[in-house]
Amino acid sequence: MNVAVTTRAPTSPAHPAPVFAMRGVTKVYSMGEVEVHALRGVDLDLHEGEFTVLLGPSGSGKSTLLNILGGLDAATAGRVTYRGGDLSEAGERALTRYRRRHVGFVFQFYNLIPSLTAHENVALVTEIAHDPLTPEEALALVGLKHRLDHFPSQMSGGEQQRVAIARAIAKRPDVLLCDEPTGALDISTGIAVLEAIGKVNVDLGTTTAVITHNAAISAMADRVISLADGQIANDVRNGAKLPASAIEW
Amino acid sequence: MRALDRKLLRDLWNVRSQVLAIALVVASGIALLVMSLGVFGSLSTTREAYYARYAFADVFAGARRVPNRVQEQIEAIPGVEKVQTRVVVGVTLDVEGVAEPVNGRLISIPERGRPVLNDVVLRRGRWLDPDRAEEALVSERFAEAHGLQLGDRVAAVINGRRQPLEVVGIALSPEFIYNIGPGEFFPDPLHFGLLWMSRRHLATAFEMEGGFNDIALALTSASASTERAVITELDRILDAYGGLGAIPRSEQLSHWYLQNELTQLENMAFIVPMIFLGVAAFLLNVVLRRTIAVQREQIAALKALGYSNARLGLHYVQWAVAVVTLGSLIGIVAGLLLANGMLGFYMEYFRFPFLTYEVSVPSILIAIVVSLAAAALGAMGAVRSVASLPPAEAMRPAAPESFRVSLFERLGAGKWLTQPARMVLRNLSRRPLRAALSIVGISFAGAIMVVGSAMMDSMDELLEVQFNIIQRQDLSVSFFEPVKRSAVHELAALSGVMQVEPTSGVAARLRNGHLQKQTAIQALAPDARLRRVVDVDYRAIQLDRPGLVLSTLLAEQLQVEAGDTLVVEVMEAARPVREVVLTDTVDDLLGVAAYMEEESLRRLVRRDDTISGAMLKIDSQAEERLFGLLKAMPAVAGVTLRSAALKNIQTYMLDNMSMVMGVNLLFAVIIAFGVIYNTARISLSETSRELASLRVIGFTRAEISSILLGELALLTLASIPLGLLLGYGMIAGAMSAFESELFRLPVVVETNTFLVSAATVLGSMAISAWTVRRKLHDLDLVAVLKTRE
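Sequences listed follow chains U and W, in order.
Read in order, the letters of the first sequence are residues 1 to 249 in my numbering.
Read in order, the letters of the second sequence are residues 250 to 1038 in my numbering.
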């Protein structure tokens, strides 16, 4: 397959080309004996440095959308490009390279490797990335400099999620994709995690997409997209962006 | 160290008991292989070195009496390098404190210097003084069996006269490594011994002055054509002196037995370990697949972070490699230790003067590579199935399996089932392939147990057939020279003798084209009761037709079938050469033999009605007195007691076979436990979330235990019959591979063996269930439910 996903298409300053462009994307799963239509013809562009929040009830297709953007899953039909390169046509090898070089992931259930310490979980990424942060730097960014040698089982949920964020940003990704990063956390821990994500978006200019069903989080976004039943129901710009610390729910 | 490597080490440490169980299974196969190869390699090289250092001859011949001047003629045969002529005679011995008859062979050694061929190793004492007639060197095992010390006396009955001999040295010879007496199958140092005497004195005692009756040759080349040419020429020269037919080294008695023993060891060195390694590889494959399946979400997360399928494949292959490497290391060390122990036994048994240790390193490496490859393939297969999923899908909990109401319930039995029983049945029927693999895995454990102990059953059966169905005499007598048939009446007249049957035989060479075999044709009376020819189904073969009956194996070696014609060269009397029809073959178990009905044999040989020995049934009350009478008879060269022979073989088996089989059995138990324990542990890790959920909704510990352990019990029970069947198949295969001229083991599996196998499997299940149950009790409900793994 062509490896266009790794090369950046020329961008004109007047009309910056989108980082991601989705056209007519559908996704159908077969779960056991049932067919699930997760996405039904989605068109969407995401832009450089944008902090986007994807809202929607469970089953609305937001996780599927994020997984397809991150190269974790393939669309059933439609076209997805990353900086002009076609993700929907990319093979396993190219997708692996794409994830390794460009994408940072944060999952709802952290998905840390239980047998590795915080430091080592981050090192998993820094060992295979070009020009990464050190694990110490990445963990310092999320305020966990003092917990380097703790195993996931020795940390709270919020701490585990911050390790996951450190792991995602340590490669200096071009895009940061977060799937319900606060879903399993209480308010104060959730805010600490959101602060970490916001800081990365501002400090490193990383294009960021966060999935949530918690509408309050949209307050810190540049753009808020709502999904319902596999389609985009609403897409608005947030004129009054707040810092994470100001969010309440 | 890379983070992924740390993960590897920590994961291995976390499941260390499982890792150890699999490693021990691998170790069992490797240890058996290393042991067998070590013993085989060391014995082979030791034998070669012994042969070379002590000038073991290439060609052997016996004759009635050859004048010394003929030696020059023999030396002149093209291809002959060295010649050693000797006087060799069989006698009965009188050893203090032993009532039963003891057979001996007296062998001459030159008065000056050492024998040029078939040299003697002096272990203790001194060489013979040529001026003293009554000195002898005694073979080491015989001396030990009778507690003979230097200076002790042994009497040889020479021509009916007791000749006392003083033991001045204890000796060994490459010619008698496997040292068996006439008519025996196993070495019996208590009833058969070798004595070396000075040539002049031995010749005088047997009226052999100026002559010899035994010839050994070394050849200039090892080629088969030289060997054949020399044997033909030697036979031609010896023809006039009652030559008994020259034989090549390959047919020399000690060498032949030793070769058979080594061949068997070599077969054993591969077959049994290969079965074990095969099972270990299968296990490793199954265990790895399931272990990796449990790590499905971790693999997906690593893929999401940008790790390639190849890198993750390597990670799990390393997992397998680590386990196999650990197993190989344990196996190599254990195998070398065991080989040492076994070699100690063989050294004691065969008596080599030194040991050259040798293990075939390439073969061990091949075994390790095979295990590694099997493990790696298992790992990669498992990784591929996970890696082929897009990471997003792999990270979601697997879709609920399509459960069905189990067949058992559909048959209407469902209403009697408790809820846990229903879950067990549905669990099994939802993944029939996995259940089948578990059953096959556990049944391998049972099968290996059967293989481990069934060999002992076969040996028992062999003895039962040989000593109760075939040989029914109490003792057999052999004469120096053929005697008149009337000797039967003399023997029958001895008090205590209840029944006498004559035996006779001739040395002969059987030929079919270029294939030939030196053997003795045994004559049998059609109405023989004491010594019969019995086939594999234990039916007595009726020898009432003229013609030859051969052991099936011998017929195969000569490539003849019933109805074919063979050339028989008789090596005695008028030395006739005749064509004889092969009337039948017999699937006998011990040795290889040729039989003829006695009247036809007499006509073939064209000799007087003579016999070469007799089978006796005796009154055990009169045993001792009878022994004394027989020893004193001048014509008697040897007396063999059936009970002594049986006891001797049983001791041999107890020493040798039981050691080998004990080792096999030990490893079989390890494998059985390894398989079952792993099956239980993996089920636990796969279902702990489900079981924890059940605990949360109010199931008791006992109830959730019964779900998990019920599944294990069902799988184990289902595997037992399959295991017994598999074991029977494996043992049948192994037996046909062990087939040698020495013996063919019948495929016999005693009920006891099946019971022990089933009991071991059930016992392993019970222990595994107990450890798993303890883990179930410690199940941390909150922790299990909180994490998604």
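Cβ coordinates follow ideal geometry from the N, Cα and C atoms, glycine included.
- Contact annotation: the stretch 116–125 of chain U does not touch the stretch 188–202 of chain U, with fewer than three C-beta pairs closer than 8 Å.
- Residue ranges of uninterrupted beta strand (DSSP E) with 3 or more members, entirely inside the stretch 420–508 of chain W and ordered along the chain, are 441–447 and 460–468.
- Checking the DSSP bridge columns, you'll see Asn121 of chain U has no partner listed.
- Here the alpha carbons of Lys331 of chain W and Glu999 of chain W stand approximately 53 Å from one another.
- Assigned with DSSP and collapsed to three states, Met747 of chain W falls in strand.
- Between the alpha carbons of Gln720 of chain W and Gly430 of chain W lies a gap of roughly 17 Å.
- Residue range Thr859 to Ile867 is occupied by the beta strand (DSSP E) that includes Ser861 of chain W.
- At a cut-off of 8 Å between beta-carbon atoms, Gln547 of chain W makes contact with chain U.
- Between Thr936 of chain W and Leu958 of chain W, the beta carbon gap of about 11 Å keeps them out of contact (Cβ cut-off 8 Å).
- For Ile358 of chain W, the uninterrupted beta strand (DSSP E) segment begins and ends at Val351 to Ile358.
- Put simply, the backbone Cα of His102 of chain U is about 21 Å away from that of Leu194 of chain U.
- Judged by DSSP in its simplified three-state form, Val336 of chain W adopts coil rather than helix or strand.
- Annotated three-state conformation of Leu878 of chain W is helix, per DSSP.
- Chain W has no Cβ within less than 8 Å of the Cβ of Asn238 of chain U.
- Selection U:Ser153, U:Ile197, U:Pro152 and U:Thr182 evaluated against Arg172 of chain U yields U:Ile197 as nearest (Cα-Cα).
- For the pair Pro379 of chain W and Ser447 of chain W, the CB atoms are nearer than the 8 Å cut-off.
- Unbroken alpha helix (DSSP H) runs of no fewer than 4 residues, entirely contained in the stretch 266–334 of chain W, are found at 319–324, following chain order.
- Beta-bridge analysis with DSSP links Asp45 of chain U to U:Ala21.
- The C-beta of Val42 of chain U comes no closer than 8 Å to any C-beta of chain W.
- Contact annotation: in the stretch 921–938 of chain W, no residue has its CB less than 7 Å from a CB in chain U.
- The beta carbon of Asp179 of chain U sits closer than 6 Å to the beta carbons of Ser63, Leu66, Phe107, Gln108 and Ile211 from its chain, once the five residues preceding and following it are set aside; these are given in chain order.
- DSSP places His146 of chain U within a helical segment (H, G or I) once states are collapsed to three.
- Scanning W:Thr1002, W:Pro413 and W:Ala549 for the CA closest to the CA of Arg381 of chain W turns up W:Pro413.
- Within the same chain, and ignoring the five residues on either side of Leu133 of chain U in sequence, the residues whose Cβ sits closer than 6 Å to its Cβ are Ala170.
- Distance from the CA atom of Arg223 of chain U to the CA atom of Val42 of chain U, rounded to whole angstroms, is 17 Å.
- Annotated as distal: Val417 of chain W and Leu366 of chain W, with beta-carbon spacing of 8 Å or more.
- 8 Å or more divides the Cβ of Arg411 of chain W from the Cβ of Ala420 of chain W.
- At a beta-carbon threshold of 8 Å, the residues of chain W lying near Thr96 of chain U are Lys552, Gly555, Tyr556, Ser557 and Asn558, ordered along the chain.
- Listed in chain order, the non-local C-beta contacts of Asn428 of chain W below 6 Å within the same chain comprise Pro436, local neighbours out to five positions each way being set aside.
- What Ala74 of chain U touches in chain W, judged by beta-carbon distance under 8 Å, is Pro639, going in chain order.
- Residue contact with chain U for Arg251 of chain W: present (Cβ-Cβ distance below 8 Å to some residue of chain U).
- Residue contact check for Asp260 of chain W against chain U: a CB pair falls below 8 Å.
- Distance from the CA atom of His564 of chain W to the CA atom of Leu253 of chain W, rounded to whole angstroms, is 7 Å.
- Under the three-state reduction of DSSP output, Gln722 of chain W falls in the coil class, being neither helix nor strand.
- Using a Cβ-Cβ cut-off of 7 Å, Arg255 of chain W is close to Leu116 and Glu120 of chain U, given in chain order.
- DSSP, read as helix, strand or coil, puts Lys766 of chain W in strand.
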